[in-house]
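When you read off a place in the sequence shown, starting at 1, and then add 4, the result is the number in our numbering.
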Amino acid sequence: MIRAMRTAASGMLAQQMQVDSLANNIANSNTAGFKRDHVAFKSLLYRTYRDPGALTGQNYATPTGLQIGSGVEIGSSIKQHQQGDMDPTGNELDMAINGPGFFQVSLGNGEFRYTRDGSFRRDATGSIVTVDGFYLEPRVQIPEGVTGLTIGADGTVSGITPGGDAARFDEILLYVVPNPAGMKASGANFFQTTASSGQAVQRTAGADGAGFIRQGALERSNVLVVEELIELIQAQRNYEVNSRTIKVGDEMLQQVSQLIN
Numbered sequence: 005m006i007r008a009m010r011t012a013a014s015g016m017l018a019q020q021m022q023v024d025s026l027a028n029n030i031a032n033s034n035t036a037g038f039k040r041d042h043v044a045f046k047s048l049l050y051r052t053y054r055d056p057g058a059l060t061g062q063n064y065a066t067p068t069g070l071q072i073g074s075g076v077e078i079g080s081s082i083k084q085h086q087q088g089d090m091d092p093t094g095n096e097l098d099m100a101i102n103g104p105g106f107f108q109v110s111l112g113n114g115e116f117r118y119t120r121d122g123s124f125r126r127d128a129t130g131s132i133v134t135v136d137g138f139y140l141e142p143r144v145q146i147p148e149g150v151t152g153l154t155i156g157a158d159g160t161v162s163g164i165t166p167g168g169d170a171a172r173f174d175e176i177l178l179y180v181v182p183n184p185a186g187m188k189a190s191g192a193n194f195f196q197t198t199a200s201s202g203q204a205v206q207r208t209a210g211a212d213g214a215g216f217i218r219q220g221a222l223e224r225s226n227v228l229v230v231e232e233l234i235e236l237i238q239a240q241r242n243y244e245v246n247s248r249t250i251k252v253g254d255e256m257l258q259q260v261s262q263l264i265n
């Protein structure tokens, strides 16, 4: 009975972590560039009472074994990097990537982060920055007084100078990561590369599979709230069933104690 209660408790803990992950997905359903998390379960160790194929007599072997598992745990959480829908905003510095690329952002301390959130602004020097003031890298600077700012699908930045001339000012580059699922989420819509993800490689937008840039739009979260709610209900039911298992185990243990005493 004690083993059953511990096994069920592991199920409750795993379902609680599943609910935590689903809650985070739902909370970020309107966060630009957010990628949903999927948790994967794995079974815990088994206690083997009899191995499959164990000899039971001369020339006789069991067709099946006898093993009892000890529960479940969360094996991993995986970022789902499927493309989100495009949400037009009309802001000339909002950018969405149609493809697998990332924007590179400098934290100012020699470290870089990567994001799909294209909510950019222009600071006092004309540099393109995030809403928190971190520079888009390689740094892109727009001269003062420029109007009709245009960001092409290939990342070229152009506009009309104060003198009325059309000019190309800079280029926004994208970065691709060999294994995006191996990146570490670090908050503020940022990811950082790891040994599992591989290093980010600089690419020209629209070339080498980096994806195209769409000006005046943001990529929506790829969270589908209805699907999250379905999984949430399933997790709740699994939690309740495991709780019931603990209650049954406790009742059986009480009966055994009464018989012994």
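Using N, Cα and C, we set each Cβ at its ideal position, and we do this for glycine too.
{"Item": "Determine whether the beta carbon atoms of Val-161 and Pro-182 lie at a separation below 9 Å.", "Value": "no"}
{"Item": "Taking the alpha-carbon positions, what's the Asp-158 to Asn-28 distance?", "Value": "34 Å"}
{"Item": "Please list, in chain order, all residues of the same chain as Thr-247 whose beta carbon is under 7 Å from its beta carbon, the five residues on each side excluded.", "Value": "Looking at the sequence shown, residue 247 is not Thr but Ser. Result list for Ser-247: Met-16, in chain order."}
{"Item": "Kindly indicate which three-state DSSP category Glu-223 falls into: helix, strand or coil?", "Value": "strand"}
{"Item": "Determine which residues share a DSSP beta bridge with Arg-172 and list them.", "Value": "Ser-162"}
{"Item": "Starting from Ala-31, trace the beta strand (DSSP E) in both directions and tell me its first and last residue.", "Value": "Counting along the chain, Ala-31 falls outside any beta strand (DSSP E), though it belongs to the alpha helix (DSSP H) covering 6-31."}
{"Item": "Classify Ser-225: buried if its beta carbon has 16 or more other beta carbons within 10 angstroms, exposed otherwise.", "Value": "buried"}
{"Item": "On the CB-based measure, 16 or more other CB atoms within 10 Å of its CB, does Ile-146 come out buried or exposed?", "Value": "buried"}
{"Item": "Is Ser-123 helix, strand or coil when you go by DSSP?", "Value": "strand"}
{"Item": "Does the beta-carbon of Arg-40 have 16 or more other beta-carbons within 10 angstroms, so that it is buried, or is it exposed?", "Value": "buried"}
{"Item": "Just tell me which of Tyr-179, Gly-186, Val-229 and Val-227 has its CA closest to the CA of Arg-207.", "Value": "Tyr-179"}
{"Item": "How should Leu-281 be labelled, buried or exposed, when 16 other C-beta atoms within 10 angstroms of its C-beta is the threshold for buried?", "Value": "Because residue 281 is not part of the residues shown, which for the chain are 5 to 265, the question remains open."}
{"Item": "Using DSSP with H/G/I as helix, E/B as strand and the rest coil, what is Arg-207?", "Value": "strand"}
{"Item": "Counting only the same chain and skipping the five closest in sequence on each side, list residues whose C-beta sits under 8 Å from that of Arg-126.", "Value": "Leu-97, Ile-132, Val-133 and Ile-146"}
{"Item": "Quick one: is Ile-234 buried, meaning 16 or more other Cβ sit within 10 Å of its Cβ, or exposed?", "Value": "exposed"}
{"Item": "So, Ala-171 versus Gly-186, is the Cβ gap smaller than 9 Å?", "Value": "no"}
{"Item": "In this structure, how does DSSP classify Thr-52 when only helix, strand and coil are distinguished?", "Value": "strand"}
{"Item": "Starting from the C-beta of Gly-156, find all residues in its chain whose C-beta is less than 6 Å away, skip the five residues before and the five after it, and write them out in chain order.", "Value": "none"}
{"Item": "Measuring straight from C-alpha to C-alpha, what distance separates Gly-69 and Gly-57?", "Value": "7 Å"}
{"Item": "In the DSSP assignment, what residue or residues form a beta bridge with Arg-218?", "Value": "Ala-100"}
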